[in-house]
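**Q** My questions will all concern the structure given below.
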Amino acid sequence: MYKVIIVDDEPIIRHGLKNKIDWALLGFECIAACENGREAQEYIEKTRPDLVITDIKMPFVDGLALTEYIKEIDKNIKVIILSGYDEFEYARKAIKFGVNDYIVKPITASEMMVVLEKLKNEIDKEKKENEAHIKKEKLLDDNKLIIKERFLQELVSLDINAEKIISHLGELGVDLSGSSYVAAIIDVDEGFNKIGLQENPNDPVLYFSVFNITEEIINNDKLGVTFQDSELKTVVIFCAPDTGIMELAKNTCYRVQNTVKSIMNFTVSIGVGEYRNSPDAIAESYKEALNALEYRFLMGSGKIISISGVSINVKNTASDIITVEPQIIEGIKDGREDVLINSVGDLFNIIKNAHLSVEGAYEVLYSLIFKIQKTMEAYDVNDIFETRHNIISDIYRYKTLDEIEIWLIEVCCNIMQYLNKKKEKYTKQLILKAEDFIRENYSDPKISINSVSKELSLSPSYFSALFKNLTNKTFTEYLTNARIEKAKGLLASTSLKTYEIAYKVGYSDPHYFSIAFKKGTGRSPTKYREGLS
110 MYKVIIVDDE
120 PIIRHGLKNK
130 IDWALLGFEC
140 IAACENGREA
150 QEYIEKTRPD
160 LVITDIKMPF
170 VDGLALTEYI
180 KEIDKNIKVI
190 ILSGYDEFEY
200 ARKAIKFGVN
210 DYIVKPITAS
220 EMMVVLEKLK
230 NEIDKEKKEN
240 EAHIKKEKLL
250 DDNKLIIKER
260 FLQELVSLDI
270 NAEKIISHLG
280 ELGVDLSGSS
290 YVAAIIDVDE
300 GFNKIGLQEN
310 PNDPVLYFSV
320 FNITEEIINN
330 DKLGVTFQDS
340 ELKTVVIFCA
350 PDTGIMELAK
360 NTCYRVQNTV
370 KSIMNFTVSI
380 GVGEYRNSPD
390 AIAESYKEAL
400 NALEYRFLMG
410 SGKIISISGV
420 SINVKNTASD
430 IITVEPQIIE
440 GIKDGREDVL
450 INSVGDLFNI
460 IKNAHLSVEG
470 AYEVLYSLIF
480 KIQKTMEAYD
490 VNDIFETRHN
500 IISDIYRYKT
510 LDEIEIWLIE
520 VCCNIMQYLN
530 KKKEKYTKQL
540 ILKAEDFIRE
550 NYSDPKISIN
560 SVSKELSLSP
570 SYFSALFKNL
580 TNKTFTEYLT
590 NARIEKAKGL
600 LASTSLKTYE
610 IAYKVGYSDP
620 HYFSIAFKKG
630 TGRSPTKYRE
640 GLS
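Sequential numbering of the sequence shown, starting at 110, is according to the working numbering.
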């Protein structure tokens, strides 16, 4: 039902319009009949009706002044002016103020119903167009970040048409136009928990903080684009018009390091790839940055490691191992036993083919075990490892690499199976926490997917996908349902006005609340309350 307010200082006309028109038949509800414009202003401010029918000549505030007031507070409110003056000047002013119809008295009920039916069709059409526009804009906003991250992930990881992806990114407001490109990857160093910030060295809040600092620096100077990979590391794609990009990239990396250290009081290590002069080669620079970052184990924390500066001798010995180690860890985390077993096999083949000494082979295995253990600390599965000292002792129990390989596969598979159970439980707990947060904050009009994901220390895109997967509802659907259920309770148990209930359940616009309520229940709030009695 569309809300109508009648304004006329003549009681006969005012009450006649209210009582002789079958408002419900036309899809309207007459919520007030005011005797002057000043009284009408108070009702309009509180109720925001869909239509105002007003006389043109009234005391205090006349119809034209009332129309001007209405259009100032809400241009979507329709206005019909009733006038006993069939004069061009009145009609001209009415049109100027945006009235929807100018009717000269007298008018019969049947004539008024024709006018109202026509106006209702206009309101229906505008409402549908507005809802479609809002839905389109919301869909774009909800998916913009996800689409942007997807394109950036493809840009650095797949053999695709990079120029086409850059064009798509441009449509999303990401400018990667340039002639030179460099990728850099920024990762939080271990040990920051010693300063009392966090006990968990893999706390997502720390990674999110690094991302925010980096993004601000990159965006302010228009140096490229930033995003977070699946490991929450911050990835930067620098773009510039000339080959001076390497110096620019390194100087910016120093700024990021110094800013993080100054604000957050912990260190980050940064791997930097070689510069490329084609967008199709950005993925190569990204892979080099990944490889460069792996040398942190050998070179220490808090450094900017350029792949071009890594010793050739080190690269010849360790590059293949550095490539396989992440595959083993990913196999464990992703629960893919085939990838895990094949990757462990590849590692041992590399060790054998490299003709390393026994101690050299042990060093490679120590490195892998250390990385697995540090990776798994975030998931609280160290009880499988017991202590690293015991693991090292276990290695010495075996006489051949083949025996160690079988043992390592068994350990990794045990971790993988345990981790699968922990991840399932953890994700359920996250969603339960999200549901609790929504139930506690549904009345806040500003609650959003960003505020909830921030509360959970997750990226909005990841939280959105996780929430939909486990609840079978989008965040917006779940929040709307929570608000409607609370509103139903208030309608049943209180005498609060509809607009008061709207504010209490988180809607700043009572009209939009009524629309959402009817969409969710099939009835307007008023009809729902009437149905309870």
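Just so it is clear, CB atoms sit at the ideal spot from N, CA and C, and this is done for glycine as well.
Out of Glu-397, Ile-438, Lys-534 and Pro-554, which has the shortest C-alpha to C-alpha gap to Val-520?
**A** Ile-438
**Q** According to DSSP, Ala-574 sits in a beta bridge with which residue or residues?
**A** In DSSP, Ala-574 forms no bridge with anything.
**Q** For Gln-538, list the residues DSSP reports as bridge partners.
**A** DSSP output for Gln-538 lists no bridge partner at all.
**Q** Asn-400 and Ile-416 look like a contact to me (Cβ under 8 Å); what is the Cβ gap, rounded to whole Å?
**A** 6 Å
**Q** Could you check whether Thr-343 and Ile-274 sit closer than 7 Å to each other, using their CB atoms as the reference points?
**A** no
**Q** What is the DSSP secondary structure of Gly-146, counted as helix, strand or coil?
**A** helix
**Q** Rounded to a whole number of angstroms, what is the C-alpha to C-alpha distance between Tyr-637 and Gly-440?
**A** 54 Å
**Q** Less than 8 Å between C-beta atoms, sequence neighbours within five positions excluded: which residues of the same chain meet that for Ala-625?
**A** Thr-589, Arg-592, Ile-593 and Tyr-616
**Q** Pull up the CB-CB distance for Tyr-363 and Ser-289, whole angstroms please, since I reckon it's below 8 Å.
**A** Their Cβ separation, rounded to whole angstroms, is 19 Å, which puts Tyr-363 and Ser-289 out of contact at 8 Å.
**Q** Please work out which residues of its chain come closer than 8 Å, Cβ to Cβ, to Ile-643, disregarding the five sequence neighbours upstream and downstream, and give them in chain order.
**A** Look at the range of the chain in this structure, 110 to 642, and you will see that residue 643 is not part of it.
**Q** In chain order, what residues of the same chain have a beta carbon less than 8 Å from the beta carbon of Val-113, not counting five sequence neighbours either side?
**A** Trp-132, Phe-137, Glu-138, Cys-139, Ile-140, Pro-158, Asp-159, Leu-160, Val-161 and Ile-162
**Q** Residues in its own chain within less than 6 Å of Ile-610 by CB, not counting five upstream and five downstream?
**A** Ala-596 and Leu-599
**Q** In the structure shown, what three-state DSSP assignment does Phe-243 receive?
**A** Per the sequence shown, the amino acid found at residue 243 is Ile instead of Phe. Helix, per DSSP.
**Q** Considering Cα atoms alone, identify which of Phe-622, Tyr-571 and Arg-548 is closest to Leu-341.
**A** Tyr-571
**Q** May I have the straight-line CA-CA distance separating Gly-300 from Thr-536, to the nearest angstrom?
**A** In this prediction, Gly-300 scores a pLDDT of 48, lower than 50, which makes its location untrustworthy; no coordinate-derived value is stated.
**Q** Between which residues of its own chain and Tyr-551 is the CB-CB distance below 6 Å, once the five residues before and five after are set aside?
**A** Ala-591, Arg-592 and Gly-615
**Q** Return the Cβ separation of Ala-218 and Lys-127 in integer angstroms, given the expectation that the two are a contact with Cβ distance under 8 Å.
**A** About 11 Å; that fails the 8 Å criterion.
**Q** Rounded to the nearest angstrom, how far is the Cβ of Thr-635 from that of Thr-607, given a contact under 8 Å?
**A** 6 Å
**Q** Ignore the nearest five residues each way along the sequence and tell me which others in Lys-628's own chain have a CB closer than 8 Å to its CB.
**A** none
**Q** What's the C-alpha gap between Glu-512 and Phe-320?
**A** Whole-angstrom Cα-Cα distance: 43 Å.
**Q** On the criterion of 16 or more Cβ atoms from any shown chain inside 10 Å, does Pro-388 qualify as buried, or is it exposed?
**A** buried
**Q** In angstroms with no decimal places, state the Cα-to-Cα distance between Lys-555 and Tyr-612.
**A** 12 Å
**Q** Can the beta-carbon of Lys-229 be found closer than 7 Å to that of Asn-209?
**A** no
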